[in-house]
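The next block holds one structure in the form of structure tokens; read it before the comments.
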Amino acid sequence: MLKNIWKHRWDYPYLLPALGVMGLLIVYPFFYTIFLSFYDTPSSRPEIFFVGLDNYRELLRDETFLLVVKNTLIWSVFGTLCPFLVGFLAALLVNQKLPGLNFARGLMIVPYAMGFVPASHAWRWIFHGDFGVITGTLQYLGLIKDPIPFLQSPALIMPSLILVNTWKSFPFVMIMVYAGLQTIPESLYKAARVDGASAWSQFWEITVPQLSNVLMVTSMLMFISNMNQFTLIEIMTGGGPAYLSEIIVTWIYHSSFQTLRFGLASAASVLLFLVLIVFSIFYVRTLTRSAVQG
Amino acid sequence: MAEVSLKNIVKTYGDVRAVDDVSLHIHDKEFVTLVGPSGCGKTTTLHMIAGLIDLDGGHIFIGKRDVSELDPKDRDIAMVFQNYALYPHKSVRDNLLFPLRMRKIDKNTADQRINRAAKILSIEQLLDRKPKQLSGGQQQRVALGRAIVRDPAVFLMDEPLSNLDAKLRLQMRTEIKHLQQELQATMIYVTHDQIEAMTMSDRIAVMDKGKVQQFGTPDELFNHPNNVFVAGFIGNPPMNLIPAQIVSEGGDKKLRMGQITFAPQSARVHDLINKAVGDKVVVGLRNTAIHMVAAGTPSAINTQVYTVEPTGDVTYVQANIGDKMCTISSPDVAYRGRLGDPITLKLDENRLYLFDELTGKAIV
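Those sequence lines, one after another, are chains A and B. Start counting the first sequence at 1; every next residue gets the next number (this note's numbering). Start counting the second sequence at 1001; every next residue gets the next number (this note's numbering).
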């Protein structure tokens, strides 16, 4: 080992630029955030003051933050579940050998290929209470009288955001599951048909168990990326009204760069990090396990 | 157990007739093999019997029932696949249990059947393992077990040995044949390996281009091939097939093979020649029907050694007869001729076959 390192000693300097960039953009902010989470950072003064665990205590007592946590959970769970179900069904559909499905497959990938920023802007207008195409169409058809304020109503705001996320992310699930379906040997289905399994049994006895790793990895990736979903929410609602659509990442952003409470925001970041690291460990474990099995 | 009848079954893919009007009657408790080269329609035929591929024409009977339109699960068949098709996420026991569970067979009966199958196949100690933890041969046994537990009317085997190494293949060949006799099962077996077909089957259907070329016992196929295809396919090494022309020299009919003109001595061959339509024929001779004889033997053919292939108990000599490379069994196992050594060959006229060159049909 040491001999090997010595043999390659002139290779290591080449790593320095990459390590430097990583250090600057990842390692330093990471530790600085942890450091800041133990400090008060008053916006009116240049100094910072050590406060121990006060920031964490404040967070766990703050009703707004608890609402934000609740929103984050609803958003992440349903924002994963809905695209997951739609994507799974879409994958089963495009896996059929029917005419025209190649075109449909291409078409269904469009939302995923579109950037989050333009998609979010477009949907903000689609949902708009006064000028939105949904309200407009329904009014034109005479189905409703008053406009529906999708992004203002406490009851509709989260479902609306989750709907957009479903539209945006189901192709990802579809691609992953479709790829997974391709790897299931056709002969297993033939064997199952001879063995007397109905289509329903084949799905539960072969398709689902054979896809279990793909389903696991996909849902975990989705969950992690939803927890970190800043763009869609910031553009569509900015977390409002009245924190109804605020999730942890948008709250961290608003607390640090709008109310300038860097210490408090850092504490929230550390908490979010701890939650995500647990999922990431599961994710990596599943991946390596499937790699070993595969 | 049951008999199986195929009546004029047809499968087309676009313009290709993959299975072209195939009719076979397979007796109860019979071991029948469908053999032929890749793309001959044997696997398609088997999958049609299983119900995995729909018929474009004809009927299939299992026992007295017309099963042509039935789902695989209603045909009372069990199938063993080339790649075993074991359910990877299920243990061996659950693999064996699956067909029983799908048929809602009660737990006690199922356990009994699984234990019996496991005992027959000596896989009792593997029941709690996953397929990935098994060797190829063990997986093959489990696949057989999954067929046995069903106690089906017919066993269908789709090249079950082709994924095994050569030594294991020989062993499993014996075991499957033994199993078929022990279970008194009707078995339809697909392979491209004619040795497998010859050694295991009661009867063999040789297929080519979607058609059954000949259906008969191994002896019939070997000794009385219907046509050039069967003659060239059955037997190892394959029959030597030498293109020839019938010529008349001095009122006597002879066979011209390349530069060699062969004058038959026997009434049998003259008779065959007289029955030929047209003058183009193919002479068929097994490697054992060409004898190496001493130089100067009358009405023998002189040629030269191309290669010598010792195999241990037989030594094959390759040499040209006419323009055709032929394989001959040397009478002396220790014979080690070199390239170009002169040899003299005598054709065994009692075992000479004649085929029509145009139709490929045997002249009898």
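Note that the Cβ used here is the ideal one computed from N, Cα and C, for glycine as well.
| Query | Result |
| --- | --- |
| Straight-line gap, Pro-1237 (chain B) to Asn-1223 (chain B) (C-alpha atoms, nearest Å) | 14 Å |
| Sub-8 Å separation of Asp-1076 (chain B) and Ile-1062 (chain B) beta-carbons | yes |
| Helix, strand or coil at His-1270 (chain B) according to DSSP, with G and I counted as helix | helix |
| Candidates A:Leu-232, A:Trp-123, A:Val-117 and A:Phe-88, of which the one nearest Met-108 (chain A) by Cα | A:Phe-88 |
| Proximity test, Cβ basis, 8 Å: Gly-302 (chain A) and chain B | Summary: the structure shown does not reach residue 302 (chain A), with chain A confined to residues 1 through 294, and so no result is reported for it. |
| N-terminal and C-terminal residue of the alpha helix (DSSP H) that Leu-101 (chain A) is part of | 101-108 |
| Closest Cα partner of Gln-202 (chain A) within the set A:Ile-184, A:Tyr-283 and A:Val-275 | A:Ile-184 |
| Residue nearest to Pro-171 (chain A) in terms of C-alpha spacing, selected from A:Thr-80, A:Tyr-112 and A:Trp-123 | A:Tyr-112 |
| Chain D contacts made by the region 1184-1213 of chain B, where a contact means CB separation under 8 Å | Here the protein chains are A and B, and chain D is not one of them. |
| Minimum Cβ-Cβ distance from Ile-1062 (chain B) to chain A less than 8 Å | no |
| Pairwise C-alpha distance: Thr-1217 (chain B) and Ala-1166 (chain B) | 25 Å |
| Inter-stretch contact at 8 Å, needing at least 3 Cβ pairs: the region 233-252 of chain A / the region 88-97 of chain A | no |
| Pro-17 (chain A) vs His-1089 (chain B) beta-carbon contact at 8 Å | no |
| Residue closest to Val-974 (chain B), alpha-carbon to alpha-carbon, out of B:Glu-1159, B:Leu-1358, B:Asp-1015 and B:Pro-1264 | Look at the range of chain B in this structure, 1001 to 1364, and you will see that residue 974 (chain B) is not part of it. |
| Segment limits, beta strand (DSSP E) that includes Ala-1319 (chain B) | 1315-1321 |
| Entirely enclosed alpha helix (DSSP H) segments - the region 1066-1110 of chain B, minimum 4 residues | 1092-1102 |
| Alpha helix (DSSP H) runs wholly inside the region 1184-1234 of chain B, at least 4 long, in chain order | 1194-1200, 1218-1223 and 1228-1233 |
| Residues in the region 6-20 of chain A having any Cβ partner in chain B nearer than 8 Å | none |
| Reduced DSSP secondary structure (H/G/I, E/B, other) of Asp-195 (chain A) | helix |
| Separation of Val-275 (chain A) from Thr-166 (chain A), as counted between CA atoms | 23 Å |
| Tyr-1233 (chain B) versus Gly-1051 (chain B): straight-line alpha-carbon distance, rounded | A quick correction: the sequence has Phe, not Tyr, at residue 1233 (chain B). If I take the Cα positions, the gap works out to 29 Å. |
| Where the region 172-187 of chain A meets chain B: residues whose CB sits under 8 Å from a CB there | Pro-185 and Ser-187 |
| 8 Å Cβ cutoff met for Val-1282 (chain B) and Ile-1242 (chain B) | yes |
| Nearest-angstrom beta carbon gap, Asp-1021 (chain B) and Val-1010 (chain B) [assumed within contact, 8 Å] | 6 Å |
| Residue burial classification, Ile-206 (chain A) (beta-carbon count within 10 angstroms, cutoff 16) | buried |
| Whole-number beta carbon distance between Ile-224 (chain A) and Thr-72 (chain A), since they are thought to touch under 8 Å | About 12 Å separates the two Cβ atoms, so there is no contact after all. |
| Own chain, CB closer than 6 Å to Val-1314 (chain B), minus 5 neighbours either side, in chain order | Ser-1329 |
| For Leu-1241 (chain B), three-class secondary structure by DSSP | strand |
| Exposure label - Asn-1240 (chain B); buried when at least 16 CB within 10 Å | buried |
| Alpha-carbon to alpha-carbon, Ala-90 (chain A) and Met-174 (chain A) | 6 Å |
| Proximity of Ala-1078 (chain B) and Pro-1152 (chain B) at Cβ, strictly below 8 Å | yes |
| Residues near Gly-294 (chain A) by beta carbon distance below 7 Å, same chain, minus five either side | Low confidence applies to Gly-294 (chain A): its pLDDT is 43, below 50, so where it sits in the model is not reliable, and the reading given next is rough at best. Hits under 7 Å: none found. |
| Ser-1017 (chain B) (DSSP reduced to helix, strand or coil) | Contrary to the premise, residue 1017 (chain B) reads as Arg rather than Ser in this sequence. DSSP places Arg-1017 (chain B) in strand when its eight states are reduced to three. |
| Start-to-end residues for the alpha helix (DSSP H) that takes in His-1059 (chain B) | Taken as a continuous stretch (DSSP letters only), His-1059 (chain B) belongs to no alpha helix (DSSP H), being part of the beta strand (DSSP E) at 1057-1062. |
| Phe-131 (chain A) beta carbon near the ligand GTP (any heavy atom closer than 7 Å) | Only the bare structure without any ligand can be found here, which leaves the ligand GTP out of the picture. |
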